[in-house]
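Residue 248, in our numbering, is where the sequence shown stops; the numbers in between run on with no holes. Positions of the beta carbon are idealized from the N, C-alpha and C atoms, including for glycine. Only one structure is covered here, and it is reproduced in the block below.
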Amino acid sequence: MLTVDALDVFIQASHILRSVSLDVGPREVVCLVGRNGAGKTTTLRTIMGYLRPHAGRVEFRGQPIHGRRTHEIAQLGVGWAPEDSGIFADLTVAENIEIATWTRSGGRPAAERIALAYRVFPMLRRYAARKGPELSGGERKMLSIARALALDPEMLLLDEPFEGLSPAIIPAVSAGIAAITELGHSILIAESNIHHVPESTRRLYVIERGTIVFAGAAQDAWRDPSLTRIIGSAA
Ligand SMILES: Nc1ncnc2c1ncn2[C@@H]1O[C@H](COP(=O)(O)OP(=O)(O)OP(=O)(O)O)[C@@H](O)[C@H]1O
Ligand SMILES: [Mg+2]
């Protein structure tokens, strides 16, 4: 579904990503785990076409997408929920979701995609008429994921979907993420808190100072003392 191959990314003179490779298969939840500043957001932003790699390739469904513009990548079926939610503050919840259905044509009809976004995050229906500033941080996170879902993407990139959420709201977001994979979408999650890695994650990558230091089964990562020093332990 998504293949990232040996990406090197510079921001100004700093070499931020060093030969980063990862892949996400159909209906898979994959986590990219690493400490603050490790390069998770940079990896997702490069996949989304906000940053151009100095070297390496990104392929989506067998097609090279590195060097393409962000809106073209979204059109091809990659949805993105950024770290800071990135919702339109002047628009209501309903308008934020609706606007995504204009961004990508084809696929399921708009009404179906909107219904799907609310089915995954039922809490949002209650707030449909509220604008961004009238939502809590957790509600904004849900809206950001719901909006990406309304694109009807094959693949979703979620940047720290649990960051700043209270323990009370985490199960609602987790259930939403599980529902998304059950619908057949693939998900790549960037996460700095190992305790937030969803149970549905079978494979994960650990990134440290711009380099992938582990790729494999989640349960193997928890057993590796050199990794638990970096990412903490799951227990
Ligand atoms: N616009 C920028 N200009 C300069 N350096 C940047 C810029 N954006 C990111 N960096 C640097 O790139 C490195 C990786 O940042 P990135 O945002 O990818 O980390 P992250 O793993 O997402 O961290 P976090 O968990 O804090 O979100 C950091 O050292 C950061 O300071
Ligand atoms: Mg980040």
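Residue 47 and residue 219 do touch by the CB rule: their CB atoms are close to 6 angstroms apart, below 8 angstroms. Beta-bridge partners of residue 21 (DSSP): 68. Residue state for residue 16 is assigned as strand, using DSSP reduced to three classes. Rounded to the nearest whole angstrom, the CA to CA distance from residue 24 to residue 124 is 40 angstroms. Each residue's CA atom was taken as its position, placing residue 113 and residue 238 some 43 angstroms apart. Between residue 136 and residue 225, the alpha-carbon positions lie close to 37 angstroms from each other.
Annotation: residue 133 is outside any beta strand (DSSP E); the continuous alpha helix (DSSP H) that includes it extends over 123-133.
Around the beta carbon of residue 109, 16 or more other beta carbons sit within 10 angstroms, so the residue counts as buried. Closer than 6 angstroms to some heavy atom of ligand 1: that does not describe the Cβ of residue 62. Counting only residues of its own chain and dropping the five nearest sequence neighbours on each side, residue 150 has a CB closer than 6 angstroms to the CB of 177. Proximity to residue 18 across 212, 71 and 50 peaks at 71, based on C-alpha coordinates. Counting every other CB atom within 10 Å of its CB across the protein chains shown gives residue 180 a total below 16, marking it as exposed. Remark: C-beta atoms of residue 214 and residue 91 do not approach each other more closely than 7 angstroms. Contact annotation: the segment 146-165 does not touch the segment 66-80, with fewer than three C-beta pairs closer than 8 angstroms.
Shown here for residue 37: same chain residues with a beta carbon closer than 6 angstroms to its own, the five before and five after excluded, namely 14, 15, 43, 199 and 201 in chain order. DSSP, read as helix, strand or coil, puts residue 27 in strand.
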